[in-house]
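Here the structure is laid out as C-alpha cells; the discussion comes afterwards.
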Amino acid sequence: MTKLAIIGGTGLTQLSELTIIKREKIDTPYGPPSSEFVTGVLNQKEVVFLARHGNPHTIAPHKINYRANIWGLKQLGVEQIIAVAAVGGITSAMTPRHIAIPDQIIDYSHSRKQTFFEDENYPVTHIDFTYPYNPALRAALITAAANANIAISPIGTYGCTQGPRLESTAEIKRMEQDGCDVVGMTGMPEAALAKELGIDYAAISVVANWAAGKTEGEITMAEIEQHLHIGMVNVATVLKSFLAL
Ligand code: HPA
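Sequential numbering from 7 applies to the sequence shown in our numbering.
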C-alpha cells in the first residue's frame with residue numbers, strides 16, 4: 007500500500023479522528039521539523055500526520071522548516087502527500103469555506119530554503135515543475151470529493167506569498183491578473199521539495215476569507231477562524247472519502 011502523509015495547516019493542527027499508533031521526533035540534516043510525525047489509522051488506513059505550523063500552532067509560514075518536514079516524511083517512507091492549507095479567495099468561485107484542488111502554482115515567496123540540491127553532496131539539479139501537483143493524486147482527490155458529494159473546484163492556480171502579513175489590494179489585483187485563483191503562504195517551497203524527493207504531492211486549499219480588496223473592509227482573524235472551522239469539516243470528509251477509494 008502506498009504510504010500517505012497529510013500535512014495540516016492553519017485550522018488543522020491535528021486530525022481528530024486519527025487513532026494514533028505512534029509519535030516520532032525525527033532529526034534531519036536540515037534541522038528540526040515543525041512537529042512530531044504522528045502515525046495513526048483513519049478509515050482503516052495508515053496515515054502519517056504532520057502539523058505544518060507546529061502543535062500548538064506557533065511557526066509562521068516564512069519560518070517553517072519546509073526541508074526538514076519533507077525530508078522527515080521521506081525518512082518515514084512516505085510516497086504521497088496531501089497538503090491541506092488555508093487560502094484567501096481571489097476569483098469569484100473561491101468563496102469562503104470553498105475547497106479547491108489546485109493544479110498550478112505561482113511562487114511570490116522569497117528568502118526561503120527552496121531546494122535540497124544546493125551543497126557539495128548534490129549535483130545541481132533542475133527538477134521539472136510543469137505540473138507542480140501530481141495529476142493522479144489530484145484526480146483521486148477530485149473523485150473523493152465527488153463521492154462525498156462535496157462541491158469543489160477541480161483546478162485553480164495557487165499564488166504563494168511570503169507573509170506573515172496578508173496582502174494589499176494592489177497585490178491581489180496583480181495576482182489576479184497573473185492568473186491566481188487563491189492566495190496562501192505555505193504552498194512553496196513545500197510542493198517543489200516534495201517533487202525533488204520524488205514524493206507525489208497534491209493540495210487541498212480551503213478558502214478562509216475573501217482576499218484583500220475583494221470585500222469592503224479589512225480581513226479579521228476571527229473571520230478566518232470561523233470559516234476554517236466549517237471548511238475543515240468538509241476537508242475531513244474529503245480525506246476520509248479519499249481513504250475509502
Ligand atoms: N492571504 C494569504 N494567505 C492566506 C489568506 C490570505 O488572504 N487567507 C488564508 N491564508
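Quick reminder that beta carbons are idealized off the backbone N, C-alpha and C, glycines included.
Rounded C-alpha distance that separates residue i from residue j
| i | j | result |
| --- | --- | --- |
| glutamate 52 | lysine 28 | 11 Å |
| histidine 116 | leucine 245 | 31 Å |
| valine 44 | tyrosine 36 | 20 Å |
| histidine 63 | alanine 142 | 31 Å |
| histidine 233 | lysine 69 | 25 Å |
| isoleucine 65 | isoleucine 230 | 17 Å |
| alanine 150 | serine 247 | 5 Å |
| glutamate 30 | asparagine 75 | 12 Å |
| isoleucine 236 | aspartate 125 | 43 Å |
| glycine 46 | valine 54 | 6 Å |
| glycine 223 | asparagine 215 | 12 Å |
| glutamine 120 | cysteine 186 | 21 Å |
| leucine 21 | methionine 181 | 32 Å |
| leucine 199 | leucine 24 | 26 Å |
| threonine 192 | tyrosine 139 | 14 Å |
| alanine 146 | leucine 10 | 13 Å |
| isoleucine 12 | glutamine 110 | 19 Å |
| alanine 242 | glutamate 173 | 28 Å |
| leucine 56 | glycine 15 | 9 Å |
| leucine 82 | isoleucine 148 | 26 Å |
Nearest residue (CA-CA) to residue i, options the options
| i | options | result |
| --- | --- | --- |
| glycine 17 | Leu48, Arg58 and Gly46 | Arg58 |
| aspartate 33 | Leu143, Val212 and Trp77 | Trp77 |
| serine 98 | Ala66, Leu234, Thr221 and Lys201 | Thr221 |
| serine 40 | Ile178, Gly46 and Pro67 | Pro67 |
| proline 170 | Val212, Ala152, Glu182 and Val189 | Val189 |
| valine 93 | Ala242, Met238, Ala250 and Phe248 | Met238 |
| glutamine 168 | Pro195, Glu182 and Ile148 | Pro195 |
| alanine 197 | Glu182, Ile148, Ala145 and Thr136 | Thr136 |
| arginine 2 | Asp109, Val212, Met227 and Ala242 | Coverage of the chain is limited to positions 7 through 251, which leaves residue 2 absent and any answer about it impossible. |
| asparagine 283 | Thr226, Lys201, Ala154 and Met227 | With the chain represented from 7 up to 251, any question about residue 283 goes unanswered, as that position is not in the structure. |
| tyrosine 164 | Ile225, Phe122, Ala106 and Gly204 | Ala106 |
| isoleucine 225 | Phe123, Ala242, Arg118 and Gly95 | Gly95 |
7 Å Cβ cutoff, residue i in contact with chain B
| i | result |
| --- | --- |
| alanine 74 | In the structure shown, chain B cannot be found, because there is only a single protein chain. |
Jot down the residue ranges of each uninterrupted alpha helix (DSSP H) in the segment 80-159, minimum 4 residues, whole runs only, in chain order.
-> 141-153
Ignoring anything shorter than 3 residues or poking outside the segment 183-218, list the beta strand (DSSP E) runs there in chain order.
-> 188-190 and 206-216
In chain order, what residues place their C-beta within less than 7 Å of a heavy atom belonging to ligand 1?
-> Thr16, Ala92, Val93, Gly94, Thr167, Gly169, Leu172, Glu173, Val189, Gly190, Met191, Ala214, Asn215, Ala217, Ala218, Ile225 and Ile230
Unbroken beta strand (DSSP E) runs of length 3 or more, entirely within the segment 24-54: which are they?
-> 25-30 and 43-48
The segment 154-165 touching the segment 123-135, judged by at least three CB pairs closer than 8 Å = no
Given 8 Å, three or more beta-carbon pairs between the segment 203-212 and the segment 80-96 = yes
Report yes or no: do the segment 175-192 and the segment 212-219 share at least 3 C-beta pairs separated by less than 8 Å?
-> yes
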